[in-house]
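Enquirer: Please read through the structure below; I'll follow up with questions.
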């Protein structure tokens, strides 16, 4: 079955509290699990970067919910396309705090085709490589 992914950035609404964000993430995790979608949400306190992956119909329904959500504005899609494998197969959704500079770096990264670096050259890291590196400690922690 083909897998699709979408990465986007957005700006949190000023009235979005940490408690409300956690509730939204828990709700999204339940919905995503039913849709077969996995992913991660990075937050610097003001902005989000989210990466979701899964079957085309699941991605469509999850992304429509994202676009309609009242918790954020100024949604900018960074990439959409086919992926060969899941990066976060065990996370229906997780939110991770990051600093603003890292979120900017990821936002400006090379998301073309969700490519991964094959030669291991850290000077050539793609956005997916960097995202995976950022998230790896949380994955390893369980």
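Numbering (this note's numbering), first residue to last: 47 to 188.
Positions of the beta carbon are idealized from the N, C-alpha and C atoms, including for glycine.
Counting C-beta neighbours from all protein chains within 10 Å, is the total for residue 116 16 or more, i.e. buried, or is it exposed?
Expert: Residue 116 is exposed by the Cβ-count criterion.
Enquirer: Among the residues of its own chain, which have a CB less than 7 Å from the CB of residue 137, if the five just before and after it don't count?
Expert: Result list for residue 137: 84, 85 and 86, in chain order.
Enquirer: Please report how far the alpha carbon of residue 187 lies from the alpha carbon of residue 181, in whole angstroms.
Expert: About 10 Å.
Enquirer: Quick one: which unbroken beta strand (DSSP E) runs of 3-plus residues sit fully inside the stretch 48 to 104? Chain order, please.
Expert: Entirely contained in the stretch 48 to 104, the beta strand (DSSP E) runs reaching 3 residues are, in chain order, 49 to 58, 84 to 89 and 93 to 100.
Enquirer: Between 179, 107 and 93, which lies nearest to residue 121 when the distance is taken from Cα to Cα?
Expert: That would be 93, whose Cα lies nearest to the Cα of residue 121.
Enquirer: Would you call the CB atoms of residue 109 and residue 53 closer than 8 Å?
Expert: No. Outside cutoff.
Enquirer: In terms of residue numbering, what span does the alpha helix (DSSP H) encompassing residue 182 cover?
Expert: Unbroken alpha helix (DSSP H) run through residue 182: 173 to 187.
Enquirer: Look up residue 144 in the DSSP assignment and say whether it is helix, strand or coil.
Expert: Looking at residue 144 - three-state DSSP - the assignment turns out to be coil, as it is neither helix nor strand.
Enquirer: Buried or exposed: which applies to residue 104, given that a residue is buried once 16 or more other Cβ atoms fall within 10 Å of its Cβ?
Expert: Looking at its Cβ environment, which holds 16 or more other Cβ atoms inside 10 Å, residue 104 is buried.
Enquirer: When the distance is taken between beta carbons, is residue 148 closer than 8 Å to residue 184?
Expert: Result no, Cβ atoms of residue 184 and residue 148 do not sit closer than 8 Å.
Enquirer: What does the Cβ neighbour count give for residue 113, buried or exposed, with the cut at 16 atoms within 10 Å?
Expert: Exposed, since its Cβ has fewer than 16 Cβ neighbours within 10 Å.
Enquirer: By the 10 Å Cβ neighbour count, where 16 or more other Cβ atoms means buried, how is residue 80 classified, buried or exposed?
Expert: Residue 80 is exposed by the Cβ-count criterion.
Enquirer: What residue from 91, 71, 134 and 76 has the CA that sits closest to residue 178's CA?
Expert: Cα-wise, what sits closest to residue 178 is 134.
Enquirer: On a CA-only basis, which of 119, 144, 111 and 69 is nearest residue 57? Give me that one, please.
Expert: Comparing Cα positions, the closest option is 119.
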